[in-house]
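As structure tokens, the structure follows; a few thoughts come after it.
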Amino acid sequence: MLVLLIVIAIVAAYKLGNDTGRQTDTETADSVKVRELEDFATMQRERRDNRPFRDSPGYAPKPFNPNTADSAEMVRCGLRPWQARNVIKYRSKGGVWRNADHFRKLYGLSDEDFRRIAPYLIFDESDLGNTYPTAAAHTDGDSLHHRFPKQEKFAAGTMVELNTADTTTLKHIPGIGSYFARKICEYRDRLGGFVCKEQVREIEGLPEDIGKWIKVEPGHPLCKLKINKASFRELIRHPYLNYAQTKSIVNYREKFGPLSDFTALRLDSNFSEKDFARLEPYIDWKK
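For the sequence shown, the residue numbers in the working numbering are 377 to 663.
Written as structure tokens, this is what we have:
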């Protein structure tokens, strides 16, 4: 009986240990999955301002009056949330939008933004009897409120080096205000630097003629992505890597070890040759 009790105790202890181990493994796997999903959500928030409006949730354009519409209605019609807030702020100071040309001067509204929403703008003649602040009548398109001072712009022929310009310099480019100057700098930081000036067009909403004001000098050092050491969060933050591609890289490292080039990923359906071409300048293959 004593021996039998000992055997039973050993079996019970072994079973309990296995169950605990499996539970720990499951919890660890779940924790990793949750962390990856959180990183993915963070990346999505960072990229949402650059996605096309047709992909934005709730985008359902229809005619609206900027003098009476609420912010939710304006966002559904194609304005960005911060632009809708600027409309509301202007109205709260007694401002009245007279017509489409007047609305075009909304602070931060790019030519592309305006073309998208212009067909849906409507105005009530009864609004025209109201007054609006004379300080709002800035004609440079960069400001509507006196609290946004007029920004002197560069003369034709001036070129700005994208990898060294700060937000103050960028705001001197015609059509670029504080919002887009900040977006350019943020995108440059996430990329690791610009390889060519065409990359700036990956930021939605910039003026169509932005190319004539900017340049990228050769030889500027890039901040490269350590593909064999970077965490899931660091990898997915790069504009040229999506969730599935990041997952493929992490899975390969876990199963086979460090990557030495793109060869191992060429059979992965999540990647294309175009992906490899634009990623190449930004990858550090050190193990």
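All residues carry an ideal CB built from backbone N, CA and C; glycine is no exception.
Count the other CB atoms within 10 Å of the CB of W473; is the residue buried (16 or more) or exposed (fewer)?
buried
S648 to R642, Cα distance in whole Å?
For S648 and R642, the distance between alpha carbons rounds to 7 Å.
Please go through the same chain and pick out, in chain order, the residues whose beta-carbon is closer than 7 Å to the beta-carbon of I579, but skip the five residues on each side of it.
Taking I579 as the centre and dropping the five residues before and after it, the same chain places the C-beta of N426, K559, I560 and Y563 closer than 7 Å to its C-beta, in chain order.
Beta-carbon proximity of V626 to L538, cut-off 7 Å
no
Beta-ladder partner(s) of V379, from DSSP:
Looking at the DSSP assignment, V379 forms no beta bridge with any residue, so it has no partner.
Let me check one thing: in DSSP terms, what residues is V536 bridge-paired to?
Residue pairing for V536: DSSP places it in a beta bridge opposite I590.
DSSP three-state call for L601: helix, strand or coil?
strand
Could you give the first and the last residue of the continuous alpha helix (DSSP H) run that contains E649?
E649 to L655
Per DSSP, the bridge partner or partners of I659:
L601
Between which two residues does the alpha helix (DSSP H) carrying T545 extend?
T543 to L546
Go through its chain and collect everything with a Cβ distance to R461's Cβ below 7 Å, but skip five positions before and after it.
S447
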